[in-house]
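Read top to bottom, the protein sequences are chains A and B.
Here the first sequence stands for residues 0 to 985, numbered as in numbering that gives the first Met the number 0.
Here the second sequence stands for residues 0 to 369, numbered as in numbering that gives the first Met the number 0.
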Amino acid sequence: MAVKPEPGRDPAMAERTLKLNLVFALTSIGLLLTLSLMVWYDYDREWKRYQVEFNKIEVELTEKQIEEALGKVGVERKRSLEAQIAEGERQVASRRAEVRAAEKEYEALDGTWYAVDQNHRFTKAKIDVARYEYDEAVHGRSKSAASRLEHLRKLEAQWQTYRLELEDVIAQRDAAAAKVREVKKAFLDAEAAAKETLGQLTRLEERLTKIQPGFVTFARNLPILDMANPSLKVNQVMPANLYDDVVFTPTPKVDRCTTCHLGIDKKGYETARQPFTTHPNLELYLQGPHPIDKVGCTVCHQGRGRATGFQKAAHVPSTKEQEKAWGKYTKSAEYHALHYWDLPMMAKGTTESQCAKCHRDVVEVPRADRLNVGIQLVERYGCFGCHKIKGWENLRKVGPDLTKILSKTDEAWIYRWIKEPRAFRPTRMPQVWGVRVNTYDDAGQPVRDTPEQEARNAVEANAVVAYLTEKSTRDRFPDPPKGDLTAGRKAFEAVGCLACHRIGDDKRGVDSLVMASFRTHGPNLDGTGSKVNAGWLYAWIRNPKGYWHDTRMPNLRLTEREAADVTAYLMSLENEEFEGRPRPPLDGTLRDTLVREYLLALQTVKQADQKLAAMGDKDKTLFLGEKTIARYGCFGCHTIAGFEKTSPIGVELTEQGSKVVERLDFGFEHDIPHTLPGWLHRKLMEPRVFDRDKEKKPDELLRMPKFHLASDEADAMVTAIMSLTKEQVPLAAQKRLSADERYVEQGRRLVRSYNCQGCHVVGAKGGAIKAVIQDLEEKRLAAEGKDVEDGRFRAPALSPPILFNDKSQIGEGARVQTAWLHAFLKDPSEQVRPWLQVRMPTFEFAEEDLNAITRYFAAQDDVPYPYEPQPEIPAATLAAGRDLFAKWQCVSCHVVAGRLPQGKDVADMAPDLANVPRRLRTDWLAKWLADPQRIMPGTKMPANFPEDPQMNAFPEILGGDQRKQIEAVRAYLLTLGGRGFAAGAQ
Amino acid sequence: MAAVDILKDVVNLLTKPWLFITLSSIVFFVALPRPSFWRPRLWLALGVGGAAFLAVSMLDPDFGLIVRKPDNVPIVAMLFLVGFFVWLSMYQAHQNDARIAAGQKPMEASEGEDQKTWVWPDLVYTELLCMVIGTIVLVAWGIAFQAPIEEPANPARTPNPSKAPWYFLGLQEMLVYYDPWLAGVVFPSLIIVGLMAIPYIDTNPKGNGYFTFRERRTEITFFLFGFLILWVLLVILGTFLRGPNWNFFGPYEYWDLHKLEALVNVNLSEYVWVKTLGTRLPSNMLVRELPGILLVLVYVGVLPGLLMRSDRVAGLPIGLKRFYDKMGFFRYSVFVMLLLGMVALPIKMILRWTANLKYIIAMPEIFFNI
């Protein structure tokens with residue numbers, strides 16, 4: 000048996016061991032290094048660097064705030080307060096023996112209290128146990144129940160003793176404490192005074208010491224030690240009831256955005272660099288109705304809330320420039336957004352789209368202007384005509400009915416119009432032909448249709464015209480009576496047509512994107528004379544619904560004379576350049592080629608050729624016309640005979656906002672951000688640009704027409720489209736409408752579709768016509784050589800009334816009685832202010848719409864519906880009211896029972912007071928009399944009843960009391976109209 | 000620049016599956032029996048050259064993107080390991096062959112090589128060192144390459160290309176040529192069963208305890224062909240050269256999602272009935288597929304019998320008589336079935352490349368295709 004050699008004894012083995020020792024030493028060092036590296040890589044995070052940087056900014060800001068606070072208090076004052084404290088301390092020190100004795104007594108009593116209190120509490124605990132044991136004994140019918148009860152009673156008695164003892168000790172201790180305070184009074188008072196004055200400063204200083212980096216902070220944040228309680232740590236918000244849909248698995252949202260966005264919920268970082276900037280709208284979001292701890296961040300902004308890195312959080316650039324600038328985050332020339340997350344962060348400006356997830360079933364989301372404008376534009380441009388959108392299926396088509404088109408215009412006009420609508424007038428009708436971008440020239444300008452395509456376009460347009468005229472009926476309208484052009488123009492401008500229509504590039508009242516919709520509600524009327532025949536126009540303006548039942552154009556109740564004048568004026572608006580545009584004849588050969596292309600799509604070559612040969616000339620043209628309309632989807636906006644049931648041509652948009660970017664065809668467009676909003680914007684601006692430089696057959700080309708949108712309009716529409724998402728926010732997290740709010744929304748829908756805001760201010764916007772009235776008034780004043788400035792003050796009195804004042808939250812519902820409003824809306828011919836030229840048109844509302852509108856106004860103002868409570872009117876009050884009415888000379892401005900005030904300017908006249916009892920609500924009357932400007936800014940009605948009795952003009956009546964005087968006048972007003980008025984007139 | 004582009008195009012062409020596999024097979028059969036091919040210097044040059052090729056190619060963004068993918072980095076490393084160990088064994092085998100031819104003992108049996116080493120410190124200490132080094136490598140690797148975590152799994156939106164784990168990419172590549180039930184079920188089972196059966200089939204006692212090629216020429220050739228060409232090569236192909244839609248992309252090509260390839264493969268039945276006989280396909284499935292069925296029956300039923308009769312069939316040295324003589328009927332049957340199964344893959348590959356053959360038997364009515 001071999002002897003086991005010792006390493007030291009066997010030289011070969013010793014050598015090997017030595018070698019292995021060396022390798023072991025080296026590898027151990029290697030292992031240590033790699034492990035250290037591992038710890039470092041785990042420790043060194045992107046977000047920690049942000050937190051360190053933010054800490055510096057925070058310290059700076061706090062220092063600045065301390066300086067400011069100090070400046071406010073004053074260094075002198077601070078010093079004197081500190082001196083007072085020192086003086087107090089000195090005084091206390093001088094009575095040291097006394098203080099010490101008092102404190103000793105207090106401490107002794109506090110010790111006694113501790114012991115007694117413990118006895119007291121422990122006995123209470125024993126009582127609970129004894130009670131439980133007794134209950135158990137009773138429950139188990141145990142014999143020991145009686146003895147246990149006895150035990151319980153004993154404990155309770157004991158507890159009572161302890162309680163008395165305790166209360167006694169507490170009283171003694173409190174007395175001792177008071178004594179201590181008494182001897183230390185000088186010091187404590189000085190301290191309290193300083194605290195009151197320097198409170199803010201002290202808080203800031205405390206804060207500074209807390210956030211200032213020092214050794215403790217450093218140690219807390221060291222690797223490994225930082226597992227205990229680091230100052231650098233991931234912040235997170237876990238909003239309630241919100242989930243990320245991780246492929247069929249709803250996962251609770253966890254938003255860690257505040258790990259880097261550290262100043263987001265704090266004031267003072269408005270100018271700090273990103274990611275530290277304060278949220279631009281703290282009041283509405285983080286600290287307002289959408290608190291950060293309940294709502295989080297990603298439900299609005301999207302992105303990956305759990306991530307703590309820039310790219311991993313799915314940040315998405317808003318512009319191409321940003322995409323390039325962000326390249327540093329992905330170490331590439333252009334930023335690559337995280338494509339493993341289906342909900343990339345909203346690009347700047349499109350975030351409002353997410354409001355719609357929770358604010359459902361509303362016409363407008365409060366304060367989400369861009370979304371609201373976008374939705375309205377989608378409605379007005381009729382996107383839903385070609386693109387199915389769930390919930391939008393039953394809207395009226397946005398374009399006019401073409402089944403009677405020949406009744407108002409002729410073939411030549413139709414051809415030139417459909418070929419290029421904007422050559423005729425500014426219009427929402429899109430451009431169908433000639434908008435294809437084939438490539439770009441050296442200057443970067445799009446190169447559009449080639450001559451071959453142009454020839455095809457002409458043939459297609461001709462065929463469409465042929466189809467439309469073939470299917471159209473022709474109603475004959477007799478020539479109108481001869482009208483006066485100047486009077487017509489005046490009437491046209493005065494009665495209110497300009498609330499919905501414009502002529503030329505009229506910018507009055509359409510100055511912002513939010514206001515742009517009102518005066519463009521109806522078509523621009525440029526060139527009307529080149530388009531329609533006078534007979535049709537006359538009949539149309541006298542009774543629009545008579546020609547087209549679904550029109551939204553109301554009846555302005557023009558007399559025959561007025562209508563003839565307006566017709567004469569509108570017919571004088573001609574567009575000769577347009578009438579002179581070429582209309583090439585139909586190219587038969589090319590038409591046959593196109594017809595054959597369509598036939599070949601469905602038939603064999605032989606069949607197609609046979610069919611083509613068998614078709615007559617007209618048949619071929621009509622066939623091509625029908626196919627072209629079907630291809631471009633004209634029927635999406637217009638009623639066209641033969642297309643009543645055809646399904647829309649565009650892609651469904653119901654979940655477009657959730658479309659992932661990989662599913663979009665960017666074609667060869669590289670100059671736009673690689674994002675859904677970027678793509679949508681490009682698509683809206685140049686709908687067929689993604690075909691550029693591609694080899695495609697005519698029937699494969701993109702078809703969406705060009706709407707000639709302004710870039711900001713497209714931005715708003717992108718926001719609207721982004722709001723069409725498949726995300727489902729749980730009901731519990733959504734904004735739920737109350738019953739009243741639901742009525743309000745119903746009404747708002749009608750207000751939108753009848754363009755009430757063209758004339759009336761409703762809420763934050765509307766009243767577009769006021770700008771026109773003011774302008775006309777200023778022109779008139781200038782012509783008469785009067786002060787033009789005056790027009791600004793006269794305009795409110797000459798304009799339609801405000802229907803809801805956003806500031807005071809008082810509107811038409813609070814003002815008028817439901818029955819009156821219902822009757823007035825049904826037939827507004829009995830005007831409240833007959834001297835006004837602008838008039839409320841007759842909308843011919845259906846009864847359910849009338850109910851909806853009256854209910855809407857009542858619900859919006861939170862007033863009773865439909866009946867109004869009637870106040871009692873004591874005789875004495877009535878007399879005082881009559882007195883005040885006479886003294887204030889109300890009738891000098893107000894009409895009473897049709898009697899106009901003498902020698903008054905129209906801008907100073909006021910409504911008929913005889914209507915008050917059946918028109919106005921009594922509560923509103925009181926508010927109105929107290930402060931009319933609050934309800935109707937710009938009104939000429941004076942505030943006659945000041946709150947302060949000293950200011951009252953007639954202090955002898957009812958003691959000058961505002962409320963009593965108003966009640967009296969109101970009481971008197973409520974008796975007007977019938978016999979009441981007769982009595983008052985005496 | 001143009002020269003570089005031409006070079007890239009040449010590499011892209013050489014790596015097209017048919018050319019890549021064919022060339023590799025030729026090199027394999029030529030090099031395996033030749034000792035001159037296994038000289039250490041040549042292989043050192045190959046290793047250095049391969050590394051240099053990788054490094055230079057990394058300058059190409061498309062190449063770099065695929066090779067640097069955290070998933071693929073270990074595969075690249077393992078390619079070098081496979082090369083090294085194959086060389087090591089073959090080099091020693093050829094050395095031993097030369098020694099045996101010269102009447103000497105193999106190296107493993109020579110003097111000085113039968114020494115024993117101590118468990119402590121030699122073995123245990125070395126094992127400890129290996130553990131330490133392994134840990135270092137794993138930690139460094141974990142730091143250098145983040146785990147390639149991708150999007151939440153969504154059955155409605157699968158990644159493109161959808162790739163199996165790297166060790167299954169050879170199987171996935173087989174799917175190009177065979178139906179899932181064969182490429183995904185039968186062949187993998189055969190591989191496992193076959194590997195287990197090797198000790199029972201291969202009763203040649205030569206080569207026990209030492210490397211040799213000449214004494215085990217057929218065994219080594221069969222095994223290494225299956226391992227290197229039909230497994231490792233296909234893994235390389237599946238990892239580096241298959242992109243979106245499982246289309247082929249050369250190493251310097253951009254993985255374009257929109258790349259199209261015309262699918263013009265035809266079945267054997269179409270060859271027989273439509274192209275040769277000029278009739279339409281018979282409506283009866285079995286009649287229609289009769290040629291294919293017969294062919295397969297011949298392949299598995301007649302061919303083994305034919306091969307066992309002599310060592311040369313039709314003048315080629317592919318007869319298996321000597322194996323039959325050595326193994327006996329039962330063992331031979333198992334062996335020949337496994338062999339035919341393995342060879343079925345290259346046969347189908349060649350048919351696909353040369354004749355656009357889709358299926359030999361195509362019965363989609365009962366989901367049975369070969």
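Glycine residues also receive a C-beta, built at the ideal position from the N, C-alpha and C atoms.
Computed from a predicted model, the values in this text were never measured in an experiment.
Test: residue i CB closer than 8 Å to a CB of chain B
i: Met-0(A); result: Any reading at Met-0(A) must be qualified, since the residue scores a pLDDT of 43, below 50, and its modelled position is unreliable; the value itself is stated next. With 8 Å as the cut-off, Met-0(A) does not count as an interface residue toward chain B.
i: Glu-14(A); result: no
i: Val-246(A); result: yes
i: Gly-29(A); result: yes
i: Tyr-339(A); result: yes
i: Leu-17(A); result: no
i: Met-37(A); result: yes
i: Thr-853(A); result: no
i: Thr-724(A); result: no
Proximal residues to residue i (C-beta, below 7 Å), its chain only, five neighbours per side dropped
i: Lys-989(A); result: Only positions 0 to 985 of chain A appear in this structure, which leaves residue 989(A) out of reach.
i: Met-362(B); result: Met-284, Glu-288, Asn-368
i: Leu-350(B); result: Leu-356
i: Lys-617(A); result: none
Residue-level contact to chain A via CB, residue i, 8 Å cutoff
i: Thr-134(B); result: yes
i: Ile-142(B); result: yes
i: Asn-11(B); result: no
i: Asp-121(B); result: yes
i: Val-333(B); result: no
i: Ala-139(B); result: yes
i: Glu-126(B); result: no
i: Ala-152(B); result: yes
i: Val-131(B); result: yes
i: Trp-180(B); result: no
i: Glu-149(B); result: yes
Residues near residue i by beta carbon distance below 6 Å, same chain, minus five either side
i: Leu-924(A); result: Arg-969
i: Leu-233(B); result: Gly-169, Glu-172
i: Lys-610(A); result: Leu-598
i: Lys-407(A); result: Val-531, Trp-535
i: Asp-739(A); result: Ala-858
i: Arg-518(A); result: Arg-501, Gly-508, Val-509, Ala-767
Cα-Cα separation, residue i to residue j
i: Gln-310(A); j: Tyr-328(A); result: 7 Å
i: Tyr-298(B); j: Ala-354(B); result: 19 Å
i: Val-342(B); j: Ile-148(B); result: 38 Å
i: Val-509(A); j: Ile-934(A); result: 24 Å
i: Arg-793(A); j: Glu-776(A); result: 8 Å
Minimum C-alpha distance to residue i - residue among the options
i: Met-348(B); options: Thr-275(B), Pro-73(B), Ala-182(B), Leu-280(B); result: Ala-182(B)
i: Tyr-270(B); options: Leu-280(B), Ala-261(B), Thr-202(B); result: Leu-280(B)
i: His-520(A); options: Asp-510(A), Ala-498(A), Leu-730(A); result: Ala-498(A)
i: Trp-819(A); options: Ile-852(A), Ile-809(A), Pro-833(A); result: Ile-852(A)
i: Leu-22(B); options: Arg-33(B), Pro-32(B), Val-10(B); result: Val-10(B)
Sequence-distant residues of the same chain with beta carbon closer than 8 Å to residue i, five excluded per side
i: Pro-840(A); result: Gly-495, Pro-553, Asn-554, Leu-555, Arg-556, Pro-827
If you scan the segment 912-978 of chain A from start to end, which runs of the alpha helix (DSSP H) of 4 or more residues do you find wholly inside it? If only uninterrupted alpha helix (DSSP H) runs of at least 4 residues are considered, those enclosed by the segment 912-978 of chain A are 915-918, 921-929, 931-934, 961-973.
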